[in-house]
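Chemist: The structure follows.
Protein chains: 2
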Amino acid sequence: MPERFDLYYWPTIQGRGEFPRLVLEAAEADYRDVARLSESEGGGVAAMMRILGGESDRPAPFAPPFLVHGDVVVAQAAEISAYLAERLGLMPSNEADRAWARTIALTAADLVAEAHDTHHPVGTGLYYEDQKPEALRRAGEFRRERMPKFLGWYEAILARGGSDHLVGRSLSYADFGLFQIVEGLRYAFPRRMAVLETRYPRVVALHDRVADHPPIARYLASPRRLRFNEDGIFRRYPELDGD
Amino acid sequence: MPERFDLYYWPTIQGRGEFPRLVLEAAEADYRDVARLSESEGGGVAAMMRILGGESDRPAPFAPPFLVHGDVVVAQAAEISAYLAERLGLMPSNEADRAWARTIALTAADLVAEAHDTHHPVGTGLYYEDQKPEALRRAGEFRRERMPKFLGWYEAILARGGSDHLVGRSLSYADFGLFQIVEGLRYAFPRRMAVLETRYPRVVALHDRVADHPPIARYLASPRRLRFNEDGIFRRYPELDGD
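Residue numbers (this note's numbering), protein chains in the order written: chain A, -12 to 230; chain B, -12 to 230.
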């Protein structure tokens, strides 16, 4: 297997690609963010679309993000993250912890899908502006019911484990999922998060610990970390927020 | 590790629990479907809720289905299925095929979430009857855009591989996901599937091959296979179907 990992994702948003990107950055891995490279470097969205369109000699994933590593093609943010974590020292070593870390990472992916659906409850093929009444209802339910349920679940894991980390006693890729979710929810629902964060101190503390992890801190301060925006998963539409 | 697997899921629906259940049944594994047992057998929904509520000495998953196997707790249908498949001879053996099988299984989980949202676009906390206009819009988008996209993706994998199976040359747990999705879509969207099935012959053939796999055929004919119903993920609401 080559050392280098090729990550493919939309070049202008954090989106789901940010979860595996955090694993790569935390491990200071040798990777290319292919769609963000120029075409002369073998990159660009066109290179990504050729694989998705089945025009390469590789199997075509359903959607970005996906990772190419030697003859391995793996898609789905949580699965890419697990694949990377196992190879980069960010997966717990014992079997029970590994299964639990994978469970936590996949549960984060569910939250991400639900956060996306607050602005796209009818379908991804339509603009937000064409599904605003539905979005208002869905976002209300998400803020009232789902955000406390997810954040409370994380908090309970941390309280029960008595550890600074979600799984075991050391940093694992499961922690990055929590970090990114807090980041995204703060961006999209600042008023709601201002209320909720007081209830989940362990979640906030772990978010901060991940942000201070030196390779992550360097990444966050670099131009490689894209800004949140209204093309991504977590979008700031003030009408969808509330306390 | 004990031989026996304990699967926990709502006792009256196929839902997401059906994906790991198919792996267990295909391998004729020793397992208990705990919430479907009586309380005197140590089962029932109450036993499941004790774990979910954090009242046991195990970590509490976010939601069913989950699996308990020795000191391992693993949740999320696709992750449970992968965990089982690795131990029951239904995971491909080489690394690239394993990563691709996991990718396919997780993509099926996305389709399941989208199928669920056709009747619950606003939120799981509300009744279908309270989100019917939104459901009509979402189901229309799902039938027109998403069903052909997912089914066409499977068809392309089968065409490209030139195999009777999604990954490699033999039956793997990825095939069960395709089987269950065809079953569910046929139940929920019979008119739409009557049109689409003519376009995806390889998908239909693989569905039939899985149904004829002897342990699966025995399972489908047994009382262990629950019927689809309007409490599950795939629901037959005629107003949400159309060709």
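By construction, the Cβ of each residue, glycine as well, lies at the ideal position given by its N, Cα and C atoms.
This structure is a prediction, so every number in the text was calculated from the model and none was measured.
Using alpha carbons as the reference points, say which of T105(B), Y115(B) and Y114(B) lies closest to T111(A).
Modeler: As a first step, residue 111(A) is located in the first sequence; it is residue number 124 there, counting from the start. Minimum Cα distance to T111(A) is reached at T105(B).
Chemist: If we cut at 8 Å on Cβ distances, does P108(A) have a partner in chain B?
Modeler: Position 121 of the first sequence holds residue 108(A). Closer than 8 Å to some Cβ of chain B, the Cβ of P108(A) qualifies, so yes.
Chemist: Considering only their Cβ atoms, is the gap separating P52(A) from I67(A) smaller than 8 Å?
Modeler: The residue you call residue 67(A) lines up with position 80 of the first sequence. The residue you call residue 52(A) lines up with position 65 of the first sequence. Yes, these two residues count as a Cβ contact at 8 Å.
Chemist: Is there a C-beta anywhere in chain B that falls below 8 Å from the one on G229(A)?
Modeler: Sequence index remark: in the first sequence, residue 229(A) carries index 242 (1-based). No, its Cβ sits nowhere closer than 8 Å to a Cβ of chain B.
Chemist: My output table needs one value for Y(-5)(B): the three-state DSSP class, helix, strand or coil.
Modeler: If you number the second sequence from 1, residue -5(B) lands on position 8. The answer is strand: DSSP assigns Y(-5)(B) an E or B state.
Chemist: Just the C-alpha distance for R125(B) and P108(A), rounded to the nearest angstrom, thanks.
Modeler: Your numbering for residue 125(B) matches position 138 in the second sequence. Your numbering for residue 108(A) matches position 121 in the first sequence. For R125(B) and P108(A), the distance between alpha carbons rounds to 7 Å.
Chemist: Helix, strand or coil: how does DSSP classify F6(A) here?
Modeler: Taking the first sequence and counting its residues from 1, the one referred to as residue 6(A) is at position 19. Residue state, collapsed to three classes: helix.
Chemist: Tell me where the beta strand (DSSP E) around F163(A) begins and ends.
Modeler: Within the first sequence, numbered from 1, the residue matching residue 163(A) stands at position 176. Premise fails: F163(A) lies in the alpha helix (DSSP H), Y160 to A175, not in any beta strand (DSSP E).
Chemist: Using a Cβ-Cβ cut-off of 8 Å (strictly less than) and excluding sequence neighbours within five positions of R186(A), which residues of its own chain qualify?
Modeler: Along the first sequence, one-based indexing puts residue 186(A) at 199. Here the set comprises P135, L138, G139 and E142.
Chemist: Can you list the residues of chain B that R147(A) reaches, using a CB-CB cut of under 9 Å?
Modeler: Position 160 of the first sequence, counting from 1, holds the residue named residue 147(A). By Cβ distance, chain B contributes G41, P46 and A47.
Chemist: Could you give the distance in angstroms between the alpha-carbon of G76(A) and the alpha-carbon of F163(A)?
Modeler: Looking up residue 76(A) in the first sequence gives position 89. Looking up residue 163(A) in the first sequence gives position 176. For G76(A) and F163(A), the distance between alpha carbons rounds to 14 Å.
Chemist: Using a Cβ cut-off of 8 Å (strictly closer), state whether Q63(B) contacts chain A.
Modeler: Stepping through the second sequence from its first residue, residue 63(B) is reached at position 76. It does; some Cβ of chain A falls within 8 Å.
Chemist: For a contact meaning CB atoms closer than 8 Å, what does E82(A) contact in chain B?
Modeler: Looking up residue 82(A) in the first sequence gives position 95. What E82(A) touches in chain B: V59.
Chemist: Compute the beta-carbon to beta-carbon distance between F6(A) and A100(A), rounded to the nearest angstrom, for a pair I have assumed lies under 8 Å.
Modeler: Position 19 of the first sequence holds residue 6(A). Position 113 of the first sequence holds residue 100(A). F6(A) to A100(A), Cβ: 12 Å. No contact.
Chemist: Residues of chain A with CB closer than 9 Å to the CB of E128(B), please, in chain order.
Modeler: Taking the first residue of the second sequence as 1, we reach residue 128(B) at position 141. Within 9 Å Cβ-Cβ: V109, G110, T111, G112 and L113.
Chemist: Since V55(A) sits in a beta bridge, which residues does DSSP pair it with?
Modeler: By 1-based counting over the first sequence, the position of residue 55(A) is 68. According to DSSP, V55(A) bridges with D(-7)(A) and V60(A).
Chemist: What residues of chain A sit near E132(B), judged by a beta carbon separation below 9 Å?
Modeler: On the second sequence, position 145 is the one that residue 132(B) refers to. Correct list: G110, T111 and G112.
Chemist: According to DSSP, simplified to helix, strand and coil, what is D104(B)?
Modeler: By 1-based counting over the second sequence, the position of residue 104(B) is 117. If DSSP states are grouped into helix, strand and coil, D104(B) belongs with the helices.
Chemist: Per DSSP, what kind of secondary structure is Y114(B) in: helix, strand or coil?
Modeler: On the second sequence, residue 114(B) is found 127 positions in, with the first residue counted as 1. Three-state DSSP puts Y114(B) in coil, outside helix and strand.
Chemist: Starting from Y141(A), follow its DSSP beta bridges and name the residues at the other end.
Modeler: Locating residue 141(A) in the first sequence gives position 154, counting from the first residue. Answer by DSSP bridge pairing: none, since Y141(A) is not bridged.
Chemist: So E(-10)(B) and P202(B) are in contact, right, with Cβ under 8 Å, and what is the actual spacing, rounded?
Modeler: Stepping through the second sequence from its first residue, residue -10(B) is reached at position 3. Stepping through the second sequence from its first residue, residue 202(B) is reached at position 215. At roughly 17 Å, the Cβ-Cβ gap does not stay under 8 Å, so E(-10)(B) and P202(B) are not in contact.
Chemist: If we require 4 or more residues per run, which alpha helix (DSSP H) segments fall completely within the stretch 191 to 221 of chain A?
Modeler: Segments of the alpha helix (DSSP H) lying fully in the stretch 191 to 221 of chain A: 201 to 207.
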